[in-house]
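**Q** Before anything else, here's the structure in question.
In full-length UniProt numbering, the protein residues as written are 1 to 674.
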């Protein structure tokens, strides 16, 4: 359940509010089951790979490379830092102004505040100019296409999680934090690389890999209602205002925003002079819309304006409008037949584009969005709305080729001239040569067409042309991010299976004991996989006398770590034990999160099912145990889970093993008594 969005953030003030922390919608039941399923259920094995396969080099693009895009992003970072500095100065001056009673000091501070505010305004205008530099992101092709509007990436400061993670590993997991230096370094390298993603599929994969990895970080190190105590700093993409929060959801949301922004840049750079380029652009803009929509639906209390609900609504509509524009271009490109119906369809398609851009314009001119969206964006959207209205009438005129067509041409020329007038009012748009070329070309084309059919002996007066009914042959989709496209591994795999060894659970210190086989064996029943659960202990048996208890988890045998060992592997270890006995270490889980409690209760008390089903769970699913299927880990859309969750729970209950409520003399094939 999302919390309501807090009061609209002040666009001129950095934010860190404990009551307005960015929150992430809770995972639905099925997602939580997949994420925290008891080891006996086998789902955890789908998340990870053995440690020897974990090392991976993460490389972002070179932030110092001299490409136009990198220069733009470098300027953005510099402006963000200057805005941050000026805002700190203003905050200090405001505090001094309120604190002093000295009249001369107040006058001096007021003058300083005026100077700082002027600097801030200039910096914001410079940032707006950067956001308006759409030509940098367009295709290098020589073909003439209307420019698209891309988004710049959010900038972030470096964050050092080393101390916080080491302290938590020592405090919560009872291990020396320095043993995990390599894992922490890998996480830090990944975060550093994702700050400068390349503008291609590799850059998207890098962002998604880090976003998916945050799932593990959240479950390993963030207890309920707590945080690591580390601030995450991000700059607003539209205003440059810095925000900082300790909530990991802010980090997740910012990375998700950059995924959407990168999709907009990839879409804008496509060569839309050919069918494949248009399809690529459509796909990219639809995925951008999906990322922004997902962010809007699953995160609340955004501290920065670019991630607020009004901004995200505007961005989703803008992306849908750009998809619709690409669909129009595809219809024109594939126009084969020269007949009335074909041109009428093109006219209706253009009218549809005009309508959606008109909706975007209305959204951009409503508060609070109008206060910070770049003026060049608003102008370009308005220009496009008029431009496509003109095109709808032009193609209608071509379809009719009579007096009614003449009326449509008159309307087209009027709309072309209105688009050019609006374009001339924006200094930034006047610098975009290709937009000027498109507007001039289509205007001249309508004038030439009108001159062809405007005969002097035509005494019929042309009436007012009706508006074209909007209609599209391809409705845009909002494509939700497919997180499973990038399979990731748990960097902190060595801490143990996440179903038990997570921030949500607490357990006893390891208890070491020596077990010696008696006449009836060790006297305990094993159940599940990774880690192995003690499902039952024979009263007065060797295990019971040594202190082993039902519900314990085996974490090592003769000093060999077996947190990730399979049932068969542990059985094999125990079979090879000499008469001298075996040293084992176990833990007792004291507190489990609600879902883990349900799973643990199921594995101890259910009387049906088989252990072989548990052990073969991975093979039953037909999936490799070397990668994560993150589609079961990260979607939080609750609407899709009700029916599936019940089915999953019923299925898992049937597969759960049990021995606790059965006589120890009675065993199924799935059980193992020692």
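Every residue gets a Cβ at the ideal spot worked out from N, C-alpha and C, and that includes glycine.
For residue 103, count neighbouring C-beta atoms within 10 Å of its own C-beta (all shown protein chains included) and say buried if the count is 16 or more, exposed if not.
**A** exposed
**Q** So what's residue 338 in DSSP terms, helix, strand or just coil?
**A** Judged by DSSP in its simplified three-state form, residue 338 adopts coil rather than helix or strand.
**Q** Skipping 5 residues on each side, what residues in its chain have a beta carbon closer than 7 Å to that of residue 376?
**A** 132, 426, 428, 429
**Q** Grouping DSSP H, G and I as helix and E and B as strand, with all else coil, what is residue 156?
**A** strand
**Q** If we count the other Cβ atoms within 10 Å of its Cβ and call it buried at 16 or more, is residue 275 buried or exposed?
**A** exposed
**Q** If we call anything under 8 Å between Cβ atoms a contact, is residue 262 one with residue 204?
**A** Going by C-beta atoms, residue 262 is nearer than 8 Å to residue 204.
**Q** How far does the beta strand (DSSP E) with residue 269 in it reach, from first residue to last?
**A** Membership of residue 269 in any beta strand (DSSP E) is not indicated, and neither H nor E is assigned to it by DSSP.
**Q** Taking the beta carbon of residue 163 as the centre, do at least 16 other beta carbons fall within 10 Å, making it buried, or is it exposed?
**A** Exposed, by the Cβ-count rule.
**Q** Runs of 3 residues minimum, wholly inside the segment 519 to 551: which ones carry the beta strand (DSSP E) assignment?
**A** DSSP runs (the beta strand (DSSP E)) wholly in the segment 519 to 551: 524 to 527, 532 to 537.
**Q** Does DSSP put residue 285 in a helix, in a strand, or in coil?
**A** helix
**Q** Put residue 474 into one of helix, strand or coil per three-state DSSP.
**A** Of the three classes helix, strand and coil, the one that applies to residue 474 here is coil, per DSSP.
**Q** Could you check whether residue 450 and residue 409 sit closer than 8 Å to each other, using their CB atoms as the reference points?
**A** yes
**Q** Does the segment 491 to 510 come close enough to the segment 429 to 445 that 3 or more CB-CB pairs lie under 8 Å?
**A** no
**Q** Taking just the CA atoms, how far does residue 551 sit from residue 576?
**A** Distance from the CA of residue 576 to the CA of residue 551, rounded to the nearest whole angstrom, comes to 24 Å.
**Q** Return the CA-CA distance between residue 168 and residue 194, expressed in angstroms with no decimal places.
**A** 24 Å
**Q** Looking at the unbroken beta strand (DSSP E) that takes in residue 582, where does it start and where does it end?
**A** Per DSSP, the continuous beta strand (DSSP E) segment holding residue 582 begins and ends at 582 to 587.
**Q** Give the straight-line distance between the Cα atoms of residue 405 and residue 291, rounded to the nearest whole angstrom.
**A** Looking at the two C-alpha atoms, the distance is approximately 43 Å.
**Q** Once the 5 residues before and after residue 238 are set aside, which same chain residues still bring their CB inside 6 Å of it?
**A** 306, 372
**Q** Could you tell me which of 201, 468, 300, 117 sits nearest to residue 85, measuring between CA atoms?
**A** 117
**Q** How big is the Cα-Cα spacing for residue 555 and residue 243?
**A** 43 Å
**Q** What number of angstroms, rounded off, separates the C-alpha of residue 493 from the C-alpha of residue 257?
**A** 28 Å
**Q** Between residue 411 and residue 465, which are expected to be in contact by the criterion C-beta below 8 Å, what is the C-beta distance as a whole number of angstroms?
**A** 4 Å
**Q** Hey, could you find the ends of the alpha helix (DSSP H) residue 168 is sitting in?
**A** It spans 162 to 168 - the alpha helix (DSSP H) in which residue 168 sits, taken as one unbroken run.
**Q** From this set, 184, 253, 240, which residue's C-alpha is nearest residue 24's C-alpha?
**A** 253
**Q** In the structure shown, what three-state DSSP assignment does residue 106 receive?
**A** Residue 106: helix per DSSP, three-state reduction.
**Q** Taking the beta carbon of residue 607 as the centre, do at least 16 other beta carbons fall within 10 Å, making it buried, or is it exposed?
**A** With a pLDDT of only 33 at residue 607, under the threshold of 50, the placement of this residue in the model should not be trusted, and no figure is reported.
**Q** Give a yes or no on whether the C-beta atoms belonging to residue 476 and residue 286 are separated by under 8 Å.
**A** yes
**Q** For the beta strand (DSSP E) containing residue 512, list its first residue and its last residue.
**A** 511 to 515
**Q** Check this for me: beta carbons of residue 569 and residue 517, under 8 Å apart or not?
**A** no
**Q** Where DSSP assigns a beta bridge to residue 690, which residues make up the other side?
**A** Outside the displayed span of the chain (1 to 674) sits residue 690, for which this structure offers no information.
**Q** Count the C-beta pairs between the segment 327 to 335 and the segment 481 to 498 that are closer than 8 Å, then say yes if the count reaches three, no if not.
**A** no
**Q** What are the boundary residues of the beta strand (DSSP E) that includes residue 553?
**A** 553 to 557
**Q** Kindly give me the distance between the Cβ atoms of residue 471 and residue 352, rounded to whole angstroms, as I take these residues to be in contact under 8 Å.
**A** 6 Å
**Q** Hey, quick one: how far does the alpha helix (DSSP H) through residue 321 stretch, first residue to last?
**A** Annotation: the continuous alpha helix (DSSP H) that includes residue 321 extends over 309 to 333.
**Q** Residue 184 and residue 165 look like a contact to me (Cβ under 8 Å); what is the Cβ gap, rounded to whole Å?
**A** 5 Å
**Q** For the putative contact between residue 389 and residue 347, defined by C-beta atoms under 8 Å, what is the C-beta separation to the nearest angstrom?
**A** No, residue 389 and residue 347 are not in contact; Cβ-Cβ is about 11 Å, not under 8 Å.
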